[in-house]
Structures are given as C-alpha cells and as structure tokens.
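For reference, the structure discussed in these notes is given below.
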Amino acid sequence: FAFGNPGGYTRNMGEKSDAPTYSLLLFFFFWYAGNVKYNEYNKAALDSVGGKTAGMTMTVSTMQLGVCAVYALLIWIIRLNPIKLCGLQAPDKQAFPKSKMGDIIKTLPVGFCSAAAHSSSVFALGGDPLFGQIVKAGEPVISAIVNTIFYGKPPTMLKALCLPIIVGGVAFASLKKGADGAYALKFDQTALLFGMMANGFAAFKGSENKKLMDDKDLKSRFGGVGNQFAVTEVLAFLWSLPVMFAVEGDKLSEFLNIFMTNKACMFNVTASGLTFYLYNELATMTVKAVGPVGSSVANTAKRVIVMLYMAAVTGKALTEEQQIGAAVAIGGVMLYSVIDNIFAGKSKKN
Numbered sequence: 131f132a133f134g135n136p137g138g139y140t141r142n143m144g145e146k147s148d149a150p151t152y153s154l155l156l157f158f159f160f161w162y163a164g165n166v167k168y169n170e171y172n173k174a175a176l177d178s179v180g181g182k183t184a185g186m187t188m189t190v191s192t193m194q195l196g197v198c199a200v201y202a203l204l205i206w207i208i209r210l211n212p213i214k215l216c217g218l219q220a221p222d223k224q225a226f227p228k229s230k231m232g233d234i235i236k237t238l239p240v241g242f243c244s245a246a247a248h249s250s251s252v253f254a255l256g257g258d259p260l261f262g263q264i265v266k267a268g269e270p271v272i273s274a275i276v277n278t279i280f281y282g283k284p285p286t287m288l289k290a291l292c293l294p295i296i297v298g299g300v301a302f303a304s305l306k307k308g309a310d311g312a313y314a315l316k317f318d319q320t321a322l323l324f325g326m327m328a329n330g331f332a333a334f335k336g337s338e339n340k341k342l343m344d345d346k347d348l349k350s351r352f353g354g355v356g357n358q359f360a361v362t363e364v365l366a367f368l369w370s371l372p373v374m375f376a377v378e379g380d381k382l383s384e385f386l387n388i389f390m391t392n393k394a395c396m397f398n399v400t401a402s403g404l405t406f407y408l409y410n411e412l413a414t415m416t417v418k419a420v421g422p423v424g425s426s427v428a429n430t431a432k433r434v435i436v437m438l439y440m441a442a443v444t445g446k447a448l449t450e451e452q453q454i455g456a457a458v459a460i461g462g463v464m465l466y467s468v469i470d471n472i473f474a475g476k477s478k479k480n
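The letter at position 45 of the sequence shown is residue 175 when you use our numbering, and the numbering goes up by one with no holes.
This is the structure in structure tokens:
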C-alpha cells in the first residue's frame, strides 16, 4: 500500500477529507470484496486460457494492467474518480496530471516494479492460489532485506526478531507428511519462486515510490496520489507489453481468439483488471484512515479471508501443515507491523 490515499485528496490538491464511519465501513467491505473477487477472477481468467501450463500467464497479467490503464484514462476523460461512491459519498474531481516529462521519467522505476510485482503475483497465484498467498505473506522479510541492502534502512531490532517467525511459518507450510510419518518439502515451485519475486518487486516499488513522494514539487504536479497511482498503472502496462511479446508473442493470436470467442475469458480478464485497480484504491483509503495498528489487523484479516474464500472456490483445502504455517506466518507479519508501536507505548508509560 505504498501509494498512500488516492481517495482522500483532490478538492484541495492533497488535503485529506474525513470520511464518516459508515463510509469507512463500506470502504473496508468493498476492499475485502474486491480483493477476494480479484483472486477469483484472476484464477478464472487463467483457467479460461488453459491454466498455468498454457503459456499465456504473462499475457493475462498484461491485459489486466491494460484494463487498469483504460480505466485510468476514463477517469481523466470524465475528470471524476468514482471510487468514493463505494462509501456513499460524492466522487472526487481528478483532472489530468500536470506532470513534466522529467516527472514521468522519475516514475518509470515505480512503474517497472509495479508491473513486475503484479506479473509475478499472477504467476504465483496461477501456480497455487493458496500456497501463493502464504508465500506473499512473507513480504516483510524480503522488504527488510531490500531496504537494508539497497536503501540503508534496516528494520528495528524488534522487527528483525519477528522475521524468523514469518520465515518459519512459510517454511512449515512447504512441508508435507509422508506415509511413513516423515516430513518432506512439497510445494508448488512456481508459487514459491514468483511469490518471492513479487515480494521483492513490491519492496522496491514501495521504496522508490517513497522517494518520489518526498519531492514536494513533483507530488504537487501529479495533483494527488490518485493521479500518481493512475500514471503508475499506465506505465506498468507499457512496461509489460514488450515482456509479453518477448516471452509469449507466439501465443498472442491464440489468446485474442479465445478472448473474442469465449465470454468467460473476456469477462474474467476484464473483471480481474478492474477489481485489481479498485481494491488497491480502496485499500489505500482505509489503511491510512485507521492508522498503522488498525491497518495491520485489517491486512491480517484480509489475508485469512482471501485464503478461506479461495479454498472454497477452488475446492482445495489447506493441508494441516499449510494451516499451521499460514497462521504462524500471518501472525508474525501482524506482530512485525505493530511491535514497535506496542513497545513505544510501554516506554512512554514508564
């Protein structure tokens, strides 16, 4: 959620508006609903083109970002962002950004990382939607490594102590008990590899985005975080196109034929792209409104809800090892998110 609060700006170029309680509750509901439906539509889109072995996963990912880009362009054309309608509020004005070419060039790394994180996630969830979610729960571990090595910003000691819990949870979820009672590693390699890649690119995206937002003039020219998010999604689509042509170009005509003749494919590719854009906007609005502790609880609950929902949709129940490992990993992530606040509060009391 590195993009801040795209829903709480515009009337005064970055001034956050206060949402009533009922609106905030509706934003939460539609954030969760959008997230679980994205996962469902994403799996259905991949299944409609032949699944993970059909060789069209990158194409599906790129087309999802294409839907995001089209939606962003529509927002600029009508000059209104309708996302607040989810909270029974009037839409915000969102004019085309006044960014210079230099601003767009500075945004290219964020766009690239956004494209790579999204595509990697699609590959991971296409490999195994349940185990992929567990791997993605380990994002703080990769983020800590990236920020320490590349940005000179290591986590606090308390946060660092939480990292082995997260790693241990993901590792245990990778185990399966054999007939002889012995445990052995058994997991979907695609979900693990691309899930880790998604975590890495998400960490780079967050840090690069923070560097952008530290430039107050650039931030002002964007005209709000909503515009910066929209520009990033357009750039992510443009970054993905050459990769798609390079790795799956020979499959494009086959994909287009399926897309144009299969209503399920057309619907699920479009719906997955749109829900991806919308739930990310809703996430940034709700997370900033409830603060760091509340957002940690919300994200933890969201991850559990998504896994339970996808287990029901796919008919594939989590193994006992995955249940325990997921609980440990997600619990570790929540502890990682709030531990500094907990001990800071105790320090103030003392």
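For every residue, glycine included, the Cβ atom is placed at its ideal position computed from N, Cα and C. As the structure is a prediction and not an experimental result, all values here were calculated from the model.
Could you give the residue range of the beta strand (DSSP E) that holds residue i?
| i | result |
| --- | --- |
| A314 | Y313 to L315 |
| L305 | L305 to K307 |
Whole angstroms is fine: what's the gap from residue i's alpha carbon to residue j's?
| i | j | result |
| --- | --- | --- |
| G461 | T416 | 21 angstroms |
| G262 | S251 | 8 angstroms |
| N392 | Q319 | 30 angstroms |
| K306 | A312 | 8 angstroms |
| P284 | C243 | 20 angstroms |
| K346 | F157 | 28 angstroms |
| G379 | L408 | 29 angstroms |
| Y201 | M396 | 16 angstroms |
| M287 | L448 | 33 angstroms |
| L465 | Q453 | 18 angstroms |
| Q224 | L218 | 18 angstroms |
| A376 | A184 | 16 angstroms |
| G282 | K446 | 42 angstroms |
| I296 | A457 | 10 angstroms |
| E269 | E338 | 16 angstroms |
| L315 | S304 | 6 angstroms |
| A474 | N429 | 22 angstroms |
| K266 | S249 | 13 angstroms |
| M343 | T237 | 10 angstroms |
| I272 | V463 | 12 angstroms |
| W206 | V361 | 11 angstroms |
| W161 | S153 | 12 angstroms |
| G232 | V190 | 31 angstroms |
| M437 | Y168 | 12 angstroms |
| G481 | I469 | The chain is shown from 131 up to 480; residue 481 falls before or after that span and cannot be answered. |
| I472 | L293 | 17 angstroms |
| K230 | M390 | 38 angstroms |
| M374 | F385 | 12 angstroms |
| F331 | P239 | 10 angstroms |
| A366 | Y439 | 28 angstroms |
Between which two residues does the alpha helix (DSSP H) containing residue i stretch?
| i | result |
| --- | --- |
| K346 | K346 to F352 |
| T449 | First-last for T449: undefined, no H or E at that position. |
| G330 | Q319 to M343 |
| P372 | V355 to E378 |
| P259 | P259 to K266 |
| A274 | E269 to Y281 |
| T286 | Counting along the chain, T286 falls outside any alpha helix (DSSP H), and DSSP gives it neither H nor E. |
| N387 | L382 to T391 |
Assuming residue i and residue j are in contact, meaning their beta carbons sit under 8 angstroms apart, how far apart are those beta carbons, in whole angstroms?
| i | j | result |
| --- | --- | --- |
| K432 | N165 | 6 angstroms |
| A149 | G299 | Not confirmed; about 34 angstroms, so no contact. |
| P83 | N357 | Residue 83 lies beyond the stretch modelled for the chain, which goes from 131 to 480, so this question has no answer here. |
| A199 | E363 | 6 angstroms |
| M188 | G180 | Their Cβ separation, rounded to whole angstroms, is 13 angstroms, which puts M188 and G180 out of contact at 8 angstroms. |
| A163 | N398 | Wrong, their Cβ atoms sit about 16 angstroms apart, outside the cutoff. |
| S402 | N172 | 5 angstroms |
Self-check item: Within the segment 170-233, ranges of the alpha helix (DSSP H) (whole runs, at least 4 residues)
Solution: 187-208, all fully within the segment 170-233.
Practice problem: Say whether the segment 365-377 touches the segment 185-200, bearing in mind that this needs 3 or more beta-carbon pairs closer than 8 angstroms, one atom from each stretch. | Solution: They touch, by the three-pair rule.
Practice problem: For the segment 254-271 and the segment 320-330, state whether three or more C-beta atom pairs, one from each stretch, are separated by less than 8 angstroms. | Solution: Yes, since at least three Cβ pairs between the segment 254-271 and the segment 320-330 fall closer than 8 angstroms, the two stretches touch.
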